[in-house]
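*Asks:* Following this message is one structure expressed as structure tokens.
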Amino acid sequence: MAELAGTAVGVISLGIQVCQGLVEYYGSWKDAPKDVARICQSIRSLEEMLNVVNNTVKDNGVASQAESGIQSGIDSLATSIAELQSQLIKVQEINGPSIWSKVHGHGRRLLYPFREGTLLKLDGIVAEMRENLRFALDVRQLQAIESSTEQSEFVSTQVNSLSTFVRSNHDDQESIAVVNWLSPLKFFVAQNDILRRRQLVQEKLSLRIITFQVAFIALTVSRSAIVNKLQTQQNSGDVGLAFAYCNYKEHDMRTLANLIGSLVQQLVHCYGAITGEIRELYTQYNPKNIQPSEEEFSKILLSLIGKFSHVYIVVDALDECNPKIRSKFIEKLRELPANVRLLCTSRRLGDIQEAFDDVPHLEIRASDADVARYVEAQILQVPKLVKFCKKAGDLQTTITEKLVVKAKGMFLLAELHLESLKSKTDIKSLRKALDVLPEELEKTYEEALERIQRQPEDESKLAMRVLSWITHAVRPLKVGEIQHAIAVMNFESDDTTLDEEGLPDEAEIITVCGGSAVVDQDSRIIRLVHYTTQDYFERHRSKIFPTAQAAILCACIRYLSLDDLKGGPYTKNNVLGYQISQFNLLRYASNNWASHVCGDLDYTTETQLVQFLNNRCFLSIAIEAMWYFRSRVMGGRPFSVSRFFRLRSILPSEEYPKGVPGIVVAAEFGLTTLIDKLLKLGNSIDEGGSSRGTALHEAAKNGHEATVRLLLERGANIEAKPQDGMTALSRAAQDGSVAMARLLLENGADIETLNHDGNTPLSIAIKWGRRAIVQLLLEKGADIEAIGPNGDTALIIATKLGYLDIVELLLQNGANVEAKDADGMTAQFWVADHNQNANLQLLLERRTDIKEQDRDAIALMFRAAKSGDEPAMRLLLEKEGVDARKDPNGICTVLIRAARGGWEAIVRLMLENGGDSNAKDQQGMALLLLAIKKEATPVVQLLLERGANVEAKDREGRTALVYAALLGYGAIVQLLLERGADIDVEDRYGNTALIWATKKGHSAVAQLLLGRGSTVEAKDDK
């Protein structure tokens, strides 16, 4: 260990010296570009981090259990430092005048140390090292490394993976934000936990956390081993790896978009860079707090997969995937390209077997020998059983043999049967119990539940409460959350303060549950031992836990009513006036209390709920806490953890909503039976919060028809508007509820009401893509030509957003194709500008104004040329019948735009339709020069083939060859020379192609020109 620590210090010290050398060298160039200064700052930051790590290793040494992981980290760091040192040696060789500086005085800035490739490589090495060190310095990661060798190896793998994406990005924090934004699912945490359990199962079969891993979970453990193997062997950047864990308790989180987004996220880590497509999605959606659709994520996934030679994707527990999305997820998996190697694990469910009927299958189950070894190890952990086996020599063999037979290859059954034997007080009763052990899992669970209920009253009550929370919670709960939940359930009627002494012990919780619950040590989540256990409790929940939902609801309400939570308003530096981390159940209670309002409430529960909703202080605490936790999730990006996240509409961007009345919250969740009670207690039917709507708004927005009817019967104002000016009808139009919109219209809602942005319900429905609502509003007489913001009609809005089905619907209902927005643009212009060819064809077929048609044809083609939309251009040429003889200037304009963009296919189309290959723009730049500027070699070749003048000059007298040499485009220079371009022609300043290539540091181009006979006597007159 001392030797390893010494090695670490030596490597780190070398890194510090290299950093100092680089900063000293680059810092001496006073006129260096700005990006050099930025890199110097980045290197200084790296040096500081190395110093911190150096001091840490010197002070604390290296823990023995982390030795192998640390050695791997040192090797990785040494490799990076060697690369950095190599860069330092290379740049230090440039220490005086060179051949290039003789040609031109400022050539030094174009030398090796300042070339773009050099700076990018240097920046990439530094960024990767900083990212690795940033993770290494994270306290939690250090603790994980110190705690177990397995964890350190995993963290090391993840650090190496996570750090690579920084290489191609200048802003580390922005890159991390983009990657984190892709998905909230962090499967590497689950991978770490299961991998740890896999190690334990190999080395310490006695540990309870593993004993319940039956054949189905053995699939999970085996799957984690496969992933770990792939991770450790994934050294090539040409191979991608992504994995996903499905979980029956996290259906809200594991949406199809989140699952596919997570695969994208992991492949970004493998690829080492964030693609332009991903950045565009981030720029488009992140500011709006909107998540891309699964289709958009799927396109990105396919694009990323194409960047690897092979991609390994592993999906575990597919049977636990939400049945609502499972078939679609399988469909997406089956559509993956041929370079993907896919492995799925699952129980034998009909739809899954059918979907994968044509692929290889492997059934994994424990052998009898495995179960026997496990049973023998478990017996040794129970003193009572050890004592019995010593007295009766054959007993251990008998127990093992009978349990192996009963278990049928399932560790879970073996464990549950062992649990039943532990309660026996003598050998005779134990032997008798062995003879009557049930063979079916269902019966085994029944007996296990009976044993739990036969415990002493306090222990039985604790176990049943824990199991009821695990079964009914809308998401997995951590141990601390369960402890606080049980403590509140044990409150006396007048208790209002949480007492630490009232928290049940973790070990006691697990013990009283009789093997039915386990704790994942990494995530600290307490869960039922197996999916079949969860299935058993859910199928019999009404019988086993008849009052669980009401009890959990009351516990959440009482928790939110604790005296210690009345700390004061939220500020960025003083959250609720207390330390939020002290209240473990606060996140769950504030976000999910309403999810436990089920069926008819008993009098006591209903009374508590009404009192809670009528108490502005308690309700404010719940909303305030919910707002706080929501703002911390993915930087504020909303996703459905529970129905309470539907309150996102009340949450302003800067502070939480204050003074929200209980009647509004009741309407939000459709608690119709409580409306009248709250009205009697003084709630105003039309009151809203500081920034939200009334009760009618919230009921309408969330589709609670019965609540809306009751509110209207009680006199709610159907045209009430909160700060955003949205009436209940506008909210329903946005939400897409046809039944709700129809109900409001039938009750007299104004169909043309405007919100504060000037949008009608029709334009709102179009903006949100609600075709059914659009159709309903048109049937009810909505004005199809109403002018909205920016002068947009309904048709223009739909075309701007690319909703083909809505465009068709509007055209069928007589929308004016020639209508223009405030900038004078028709719908055709927008579709031509956004590659919406299906919409463009529809609109062109509907046009009637011939003069307008002729006038707009060239303008439409110009927009198609701008975006390189070849299909749209062909469509316009076909539909509009453009003739270059009628409008040569127009064709010239389109051709110039296409050449400037480097769109070879469109340039070809224009030339075929009468375009001039020697056309020039207003600055006198010929098409050939424009194409060279874009480095569009195919366009250059096409223009030369079509007769473009190879000696055409710009206003500075530069020919195509001079221009290409100036820009350093060797392939184009070669092409022009083959076409006979004058090699020594001079521009107006006397510069030849060779002089420009030399000035700009394009050595390869200069050598090419010299090889073709260019002379060096030419002089620079400037």
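Whatever position you read off the sequence shown (first residue = 1), add 39 for this note's numbering.
Built from N, CA and C at the ideal position, the CB exists for glycine as well.
Specify whether the segment 522-534 and the segment 576-586 touch according to this definition: at least 3 beta carbon pairs, one from each stretch, less than 8 Å apart.
*Replies:* no
*Asks:* Go to A767, then tell me how far its alpha helix (DSSP H) extends in each direction, as first and last residue.
*Replies:* For this step, residue 767 is matched to residue 728 along the sequence shown. Here the alpha helix (DSSP H) through A767 covers 767-774.
*Asks:* Identify, in the order they occur along the chain, each residue of the same chain with its Cβ nearer than 8 Å to the Cβ of A772, setting aside the five sequence neighbours on each side.
*Replies:* By 1-based counting over the sequence shown, the position of residue 772 is 733. Same-chain partners within the cutoff: A780, P800, L801, I803, A804, W807, R809, I812, L816.
*Asks:* Given a cut-off of 8 Å on the beta-carbon distance, is the pair L340 and I369 in contact?
*Replies:* Looking up residue 340 in the sequence shown gives position 301. Looking up residue 369 in the sequence shown gives position 330. No. Outside cutoff.
*Asks:* In the structure shown, what three-state DSSP assignment does A734 receive?
*Replies:* Taking the first residue of the sequence shown as position 1, residue 734 is located at position 695. DSSP places A734 in helix when its eight states are reduced to three.
*Asks:* How many angstroms separate the CA atom of I418 from the CA atom of I564?
*Replies:* Mapped onto the sequence shown, residue 418 falls at position 379. Mapped onto the sequence shown, residue 564 falls at position 525. Rounded to whole angstroms, I418 to I564 spans 27 Å at the Cα level.
*Asks:* Where does I702 sit, in a helix, a strand or coil, going by DSSP?
*Replies:* Here residue 702 refers to the residue found at position 663 when the sequence shown is read from its first residue. Looking at I702 - three-state DSSP - the assignment turns out to be helix.
*Asks:* Keeping to the same chain, check which residues put their C-beta closer than 6 Å to that of M964; ignore five residues upstream and five downstream.
*Replies:* For the purposes of this step, residue 964 is taken as residue 925 along the sequence shown, with counting starting at 1. So the list reads D993, once near-sequence residues are dropped.
*Asks:* Please state whether DSSP places D725 in a helix, a strand or coil.
*Replies:* Here the question's residue 725 lines up with position 686 in the sequence shown. Three-state result, D725: coil.
*Asks:* Can you grab the Cα-Cα spacing for the pair S462 / W220, in whole Å?
*Replies:* Residue 462 sits at position 423 when you count from the first residue of the sequence shown. Residue 220 sits at position 181 when you count from the first residue of the sequence shown. Their backbone Cα atoms lie some 51 Å apart in a straight line.
*Asks:* Does A739 come out as helix, strand or coil in the three-state DSSP assignment?
*Replies:* Here residue 739 refers to the residue found at position 700 when the sequence shown is read from its first residue. Helix.
*Asks:* Could you pull out every residue in the same chain whose Cβ sits closer than 6 Å to the Cβ of T711, ignoring the five residues on either side in sequence?
*Replies:* Within the sequence shown, residue 711 is the residue found at index 672, counting from 1. Here the set comprises A745, T746, L749.
*Asks:* For Y321, does the three-state DSSP call read helix, strand or coil?
*Replies:* As a first step, residue 321 must be located in the sequence shown, where it is residue number 282. In the three-state DSSP reduction, Y321 falls in the helix class (H, G or I).
*Asks:* T314: which of E335, Y324, S342, S337 sits nearest, CA to CA?
*Replies:* In the sequence shown, the residue the question calls residue 314 occupies position 275. The residue with the shortest Cα to Cα distance from T314 is S342.
*Asks:* CB E333 to CB L375, shorter than 8 Å?
*Replies:* Sequence index remark: in the sequence shown, residue 333 carries index 294 (1-based). Sequence index remark: in the sequence shown, residue 375 carries index 336 (1-based). Contact: no.
*Asks:* Can you check which of these residues, R770, L950, N631, is closest to A987 by C-alpha distance?
*Replies:* The residue labelled residue 987 in the question sits at position 948 within the sequence shown. Comparing Cα-Cα distances from A987 to each of R770, L950, N631, the minimum goes to L950.
*Asks:* What ranges does the alpha helix (DSSP H) occupy inside the segment 383-445, keeping only unbroken runs of at least 4 residues that lie completely in it?
*Replies:* If we require 4 residues or more, the alpha helix (DSSP H) runs fully inside the segment 383-445 come out as 389-394, 407-418, 422-430.
*Asks:* Relative to the C-alpha of I836, which residue among A431, E818, V856 is closest?
*Replies:* As a first step, residue 836 is located in the sequence shown; it is residue number 797 there, counting from the start. Out of A431, E818, V856, V856 has the C-alpha closest to the C-alpha of I836.
*Asks:* Would you mind giving the Cβ-Cβ distance between Y351 and R380, rounded to the nearest angstrom? I have them listed as a contact below 8 Å.
*Replies:* Position 312 of the sequence shown, counted from the first residue, corresponds to residue 351. Position 341 of the sequence shown, counted from the first residue, corresponds to residue 380. Right, the Cβ-Cβ distance comes to about 5 Å (below 8 Å), so this counts as a contact.
*Asks:* With the cut-off set at 8 Å, would you say Q560 and P543 are in Cβ contact?
*Replies:* Taking the first residue of the sequence shown as 1, we reach residue 560 at position 521. Taking the first residue of the sequence shown as 1, we reach residue 543 at position 504. No, they are not a contact pair.
*Asks:* Contact check, S507 vs A628 under 8 Å by CB: the rounded distance?
*Replies:* Sequence index remark: in the sequence shown, residue 507 carries index 468 (1-based). Sequence index remark: in the sequence shown, residue 628 carries index 589 (1-based). About 16 Å; that fails the 8 Å criterion.
*Asks:* Thinking C-beta only, is I757 closer than 8 Å to N786?
*Replies:* Counted from its first residue, the sequence shown places residue 786 at position 747. Counted from its first residue, the sequence shown places residue 757 at position 718. Yes, the pair counts as a contact, with Cβ atoms nearer than the cut-off.
*Asks:* Keeping to the same chain, check which residues put their C-beta closer than 8 Å to that of E458; ignore five residues upstream and five downstream.
*Replies:* Here residue 458 refers to the residue found at position 419 of the sequence shown. Taken in chain order, the residues that qualify are A487, R490, G553, G554.
*Asks:* What did DSSP end up calling Y1062 once you bin it into helix, strand or coil?
*Replies:* As shown, the chain starts at 40 and ends at 1061. That puts residue 1062 outside it, with no answer to give.
*Asks:* In the structure shown, what three-state DSSP assignment does G315 receive?
*Replies:* Translated into positions along the sequence shown, residue 315 becomes position 276. Helix.
*Asks:* Quick check: the segment 752-768 against the segment 730-741, are at least 3 beta-carbon pairs closer than 8 Å?
*Replies:* yes
*Asks:* For the putative contact between Y284 and A216, defined by C-beta atoms under 8 Å, what is the C-beta separation to the nearest angstrom?
*Replies:* Locating residue 284 in the sequence shown gives position 245, counting from the first residue. Locating residue 216 in the sequence shown gives position 177, counting from the first residue. About 24 Å; that fails the 8 Å criterion.
*Asks:* Please go through the same chain and pick out, in chain order, the residues whose beta-carbon is closer than 7 Å to the beta-carbon of F336, but skip the five residues on each side of it.
*Replies:* For the purposes of this step, residue 336 is taken as the residue at position 297 of the sequence shown. Once the five neighbours on either side are set aside, the close Cβ partners of F336 are A296, I299, G300, V303.
*Asks:* Assuming H308 is part of the alpha helix (DSSP H), what are its boundary residues?
*Replies:* Taking the sequence shown and counting its residues from 1, the one referred to as residue 308 is at position 269. Where H308 is concerned, the enclosing alpha helix (DSSP H) stretches over 295-310.
*Asks:* Quick check: what's the CA-CA separation for T998 versus G1019?
*Replies:* Residue 998 sits at position 959 when you count from the first residue of the sequence shown. Residue 1019 sits at position 980 when you count from the first residue of the sequence shown. Distance between the alpha carbons of T998 and G1019 is about 12 Å.
*Asks:* Taking the C-alpha atoms as reference points, what is the distance between Q647 and A705?
*Replies:* In the sequence shown, counting from the first residue as 1, residue 647 sits at position 608. In the sequence shown, counting from the first residue as 1, residue 705 sits at position 666. When rounded, the distance between both Cα atoms is 14 Å.
*Asks:* Among F450, A394, R493, I935, whose alpha-carbon lies nearest the alpha-carbon of L969?
*Replies:* Walking along the sequence shown from the start, residue 969 turns up at place 930. With distances taken between CA atoms, L969 lies nearest to I935 out of F450, A394, R493, I935.
*Asks:* Return the first residue and the last residue of the beta strand (DSSP E) that D534 is part of.
*Replies:* Position 495 of the sequence shown holds residue 534. Taken as a continuous stretch (DSSP letters only), D534 belongs to no beta strand (DSSP E), as it is neither H nor E.
*Asks:* Got a sec? Which residues, its chain only, sit under 7 Å from L981 by beta carbon, not counting five neighbours each side?
*Replies:* Counting from one through the sequence shown, the residue named residue 981 turns up at place 942. The residues are E943, V946, R947.
*Asks:* Compare the beta carbon distance of L966 and A938 with 8 Å and say whether it is the shorter of the two.
*Replies:* Within the sequence shown, numbered from 1, the residue matching residue 966 stands at position 927. Within the sequence shown, numbered from 1, the residue matching residue 938 stands at position 899. Yes. Within cutoff.
*Asks:* Out of T535, I438, R493, state which residue places its alpha-carbon closest to the alpha-carbon of K471.
*Replies:* Your numbering for residue 471 matches position 432 in the sequence shown. With distances taken between Cα atoms, K471 lies closest to I438.
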